[in-house]
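Asker: My structure is below; once you've seen it, I'll send some questions.
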Amino acid sequence: MTASNRTALVTGASRGIGRAIAIGLAERGYDVAINDIERQKDVLAGVATEIEELGRRVITVCADVSSKAEVRAMAKAVGDAFGHLDAVVNNAGILISGDVEGLDEEHWDSVMDVNAKGTFLVVQAVLPMMKARRYGRIVNIASIGGKHGAPEQAHYSASKAAVMGFTRVLAQEVGVDGITANCVCPGIILTDMGRVNLDDPAVKKSWQDKTAMRRIGDPEDVVGAVAFFASDDAAFVTGQTLNVDGGIVLS
Numbered sequence: 060m061t062a063s064n065r066t067a068l069v070t071g072a073s074r075g076i077g078r079a080i081a082i083g084l085a086e087r088g089y090d091v092a093i094n095d096i097e098r099q100k101d102v103l104a105g106v107a108t109e110i111e112e113l114g115r116r117v118i119t120v121c122a123d124v125s126s127k128a129e130v131r132a133m134a135k136a137v138g139d140a141f142g143h144l145d146a147v148v149n150n151a152g153i154l155i156s157g158d159v160e161g162l163d164e165e166h167w168d169s170v171m172d173v174n175a176k177g178t179f180l181v182v183q184a185v186l187p188m189m190k191a192r193r194y195g196r197i198v199n200i201a202s203i204g205g206k207h208g209a210p211e212q213a214h215y216s217a218s219k220a221a222v223m224g225f226t227r228v229l230a231q232e233v234g235v236d237g238i239t240a241n242c243v244c245p246g247i248i249l250t251d252m253g254r255v256n257l258d259d260p261a262v263k264k265s266w267q268d269k270t271a272m273r274r275i276g277d278p279e280d281v282v283g284a285v286a287f288f289a290s291d292d293a294a295f296v297t298g299q300t301l302n303v304d305g306g307i308v309l310s
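So in the working numbering, the last one in the sequence shown is 310, and the numbering has no gaps at all.
Okay, here's the thing in structure tokens:
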């Protein structure tokens with residue numbers, strides 16, 4: 060599938076799944092605004108170079124998605140640069156492991172602020188642009204962790220379950236405006252964050268054995284599902300959650 064004069068914003072795009080999505084959308088013809096936090100700006104610049112080499116327009120916007128002021132400024136920067144926004148991919152997320160009994164309140168808050176509140180703030184900031192044109196594709200990156208959870212990830216699982224619940228309601232509210240909202244739930248993916256689950260060879264093998272495909276996912280494995288939801292091929296698909304996990308959660 061290709062896009063013509065389509066634009067997208069991808070948060071958390073300096074590495075891992077976000078980087079793969081940003082490059083994958085550029086390969087499919089999108090001009091892309093890529094976001095991450097300030098300390099990732101040099102890495103983000105490298106992703107921008109890769110997108111430019113594909114012949115697409117790109118802007119980098121450093122912002123903390125848990126900050127309403129920074130998110131509003133980011134949305135304005137995207138609007139000023141591209142004139143419109145067709146798709147947003149809310150990928151920015153963090154994971155800080157810890158069991159429930161010993162979990163620091165600040166760690167709970169940090170994970171919820173980025174993963175759940177950040178998704179809400181970005182959507183809220185870009186909706187006026189999408190409503191003005193009566194067109195938009197919102198793709199929120201959740202996780203299979205939001206469906207079944209894992210020990211030491213209660214706050215992460217709660218945040219991703221929140222993203223899925225938010226997306227279902229959002230879809231009902233904005234469908235009349237020509238906007239769709241869907242979730243992609245990656246499984247165990249080989250990223251810096253995913254390595255929390257993969258550093259121990261025995262743990263890695265156990266996850267491989269749990270997948271129908273008997274392998275760990277790569278960031279590029281997530282791109283196709285996101286590109287589908289961001290495209291006109293998914294014009295009549297909204298409020299849905301798609302597992303991209305090699306066959307761990309079979310639903």
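Glycine included, every Cβ here is placed at the ideal spot set by N, Cα and C.
#1: Which same chain residues end up closer than 7 Å to H214 when comparing Cβ atoms and leaving out the 5 residues on each side of it in sequence?
#2: Over the uninterrupted beta strand (DSSP E) stretch that includes L84, give me the two end residues.
#3: When the Cα atoms are used, what is the spatial distance from S156 to S125?
#4: Should K135 go down as buried or exposed, given a rule of 16 or more other Cβ atoms within 10 Å for buried?
#5: Since I203 and C242 should fall inside the 8 Å C-beta cutoff, what is the C-beta to C-beta distance between them, to a whole number of angstroms?
#6: How long is the line joining the alpha carbons of R74 and V102, rounded to whole angstroms?
#7: Applying the criterion that 16 or more other CB atoms from any shown protein chain within 10 Å of the CB defines a buried residue, is T300 buried or exposed?
#8: Within 10 Å of its beta-carbon, does Q231 have 16 or more other beta-carbons around it, so buried, or fewer, so exposed?
#9: By Cβ distance, which residues of its chain are closer than 6 Å to A140, with the 5 residues on each side in sequence left out?
#10: Whole alpha helix (DSSP H) runs in the segment 102-182 with 4 or more residues, listed along the chain?
#11: Between the alpha carbons of M60 and A293, how many angstroms are there, rounded?
#12: Among the candidates A221, L186, R192 and E164, whose CA atom is the shortest distance from the CA of K176?
Answerer: In brief:
#1: Numbered from its first residue, the sequence shown carries residue 214 at position 155. Closer than 7 Å at the Cβ level, and outside the excluded window around H214, lie L162, H166, W167, V170 and M171.
#2: Stepping through the sequence shown from its first residue, residue 84 is reached at position 25. Not the beta strand (DSSP E): L84 falls in the alpha helix (DSSP H), residues G75 to E86.
#3: The residue given as residue 156 occupies position 97 in the sequence shown. The residue given as residue 125 occupies position 66 in the sequence shown. Roughly 19 Å separates the two Cα atoms.
#4: Within the sequence shown, the letter at position 76 stands for residue 135. It counts as exposed.
#5: Position 144 of the sequence shown, counted from the start, is the residue given in the question as residue 203. Position 183 of the sequence shown, counted from the start, is the residue given in the question as residue 242. Actually they are not in contact, since the Cβ atoms of I203 and C242 sit about 11 Å apart, beyond 8 Å.
#6: By 1-based counting over the sequence shown, the position of residue 74 is 15. By 1-based counting over the sequence shown, the position of residue 102 is 43. The alpha-carbon atoms of R74 and V102 are separated by roughly 8 Å.
#7: As a working note, residue 300 is residue 241 in the sequence shown. It is buried - the Cβ of T300 has at least 16 other Cβ atoms within 10 Å.
#8: Looking up residue 231 in the sequence shown gives position 172. Exposed: under 16 other Cβ atoms inside 10 Å.
#9: Within the sequence shown, numbered from 1, the residue matching residue 140 stands at position 81. Here the set comprises I118.
#10: 127-141 and 164-171
#11: Taking the first residue of the sequence shown as position 1, residue 60 is located at position 1. Taking the first residue of the sequence shown as position 1, residue 293 is located at position 234. Caution is warranted here: a pLDDT of 42 is assigned to M60, below 50, making its placement in the model unreliable, and the coordinate value is therefore given only provisionally. In a straight line, the C-alpha of M60 is about 11 Å away from that of A293.
#12: As a position in the sequence shown, residue 176 is number 117, starting the count at 1. It is A221 whose Cα lies nearest to the Cα of K176.
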